[in-house]
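Participant: Sharing a structure here in structure tokens format.
In the numbering used here, the protein residues as written are 49 to 236.
Laid out in structure tokens, this is it:
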């Protein structure tokens, strides 16, 4: 069993503004850098076998800051990206409510199977996150791995590890730069 520490990246300007980010590559803002530095201090005495990160800059920046005092390289992996939000990317929740009310309602009612126009479903995100976690568990059995990703992506893996139905994925999105710890593969 591998212990995976799931970390959501630090804050971005789009987080602060309430904009859908998805695959849009938005860097950390000053507060996000501070959050990553604070987390790095908290984790500096922990031992991790490896650090993996989404290839998007907000997660990669967070991972690099956290990995520095651990003296570990960051391994980017595109499977760890946030959910692709398609036409919603860059829009605020209010704008999505105005332009895509039906799609947003479907996403609230059945997040595991619905999607933003041009985006992907929660189930698709969970599938690629599970593939990445399975690979980490094979490569690092009985070790601790740090995985820096995005709110919804992290939440999908948290739900899978704890046998929580994906329809509740939005209830388990962590705050920026806050770890969730799971055992992988999930205990049956």
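In this text, a Cβ means the ideal position worked out from N, Cα and C, and glycines have one as well.
How would you label residue 119, buried or exposed, when you count the other beta carbons within 10 angstroms and need 16 or more for buried?
Facilitator: Residue 119 is exposed by the Cβ-count criterion.
Participant: Looking at the structure shown, is residue 309 part of a helix, part of a strand, or coil, going by DSSP?
Facilitator: What is shown of the chain runs 49 to 236, which leaves residue 309 out entirely.
Participant: Hey, how far is the Cα of residue 59 from the Cα of residue 125?
Facilitator: Between residue 59 and residue 125, the C-alpha separation is close to 20 Å.
Participant: Can you check DSSP and say which residues form a bridge with residue 231?
Facilitator: According to DSSP, which records beta bridges pairwise, residue 231 is partnered with 51.
Participant: How about the stretch 189-196 and the stretch 144-163: do they share at least three Cβ pairs that are nearer than 8 Å?
Facilitator: Short answer: they don't touch.
Participant: Evaluate residue 229 with the Cβ neighbour count: other Cβ atoms within 10 Å of its Cβ, from every protein chain shown; 16 or more gives buried, anything less gives exposed.
Facilitator: Exposed: under 16 other Cβ atoms inside 10 Å.
Participant: For the beta strand (DSSP E) holding residue 42, just list the boundary residues, first then last.
Facilitator: Absent from the model: residue 42. The displayed extent of the chain is 49 to 236, so no value can be given.
Participant: Quick test of your reading: residue 102 and residue 197, contact by CB under 8 Å. State the CB separation rounded to the nearest angstrom.
Facilitator: Confirmed, about 5 Å.
Participant: Sorry if obvious, but does the Cβ on residue 143 come closer than 7 Å to a heavy atom of the ligand HEM?
Facilitator: Of ligands this structure carries none, so the ligand HEM is not represented either.
Participant: Does the separation of the CB atoms of residue 61 and residue 104 fall below 8 Å?
Facilitator: No; because the gap between Cβ atoms is not below 8 Å, this pair is not in contact.
Participant: Could you tell me if residue 235 is buried or exposed, where buried requires 16 or more neighbouring beta carbons within 10 angstroms of its beta carbon?
Facilitator: It is exposed - the Cβ of residue 235 has fewer than 16 other Cβ atoms within 10 Å.
Participant: From 57, 140, 99, pick the residue whose C-alpha is nearest to that of residue 193; which is it?
Facilitator: Of 57, 140, 99, the residue nearest in Cα terms is 99.
Participant: Please report the straight-line C-alpha distance between residue 54 and residue 143, rounded to a whole angstrom.
Facilitator: Rounded to whole angstroms, residue 54 to residue 143 spans 30 Å at the Cα level.
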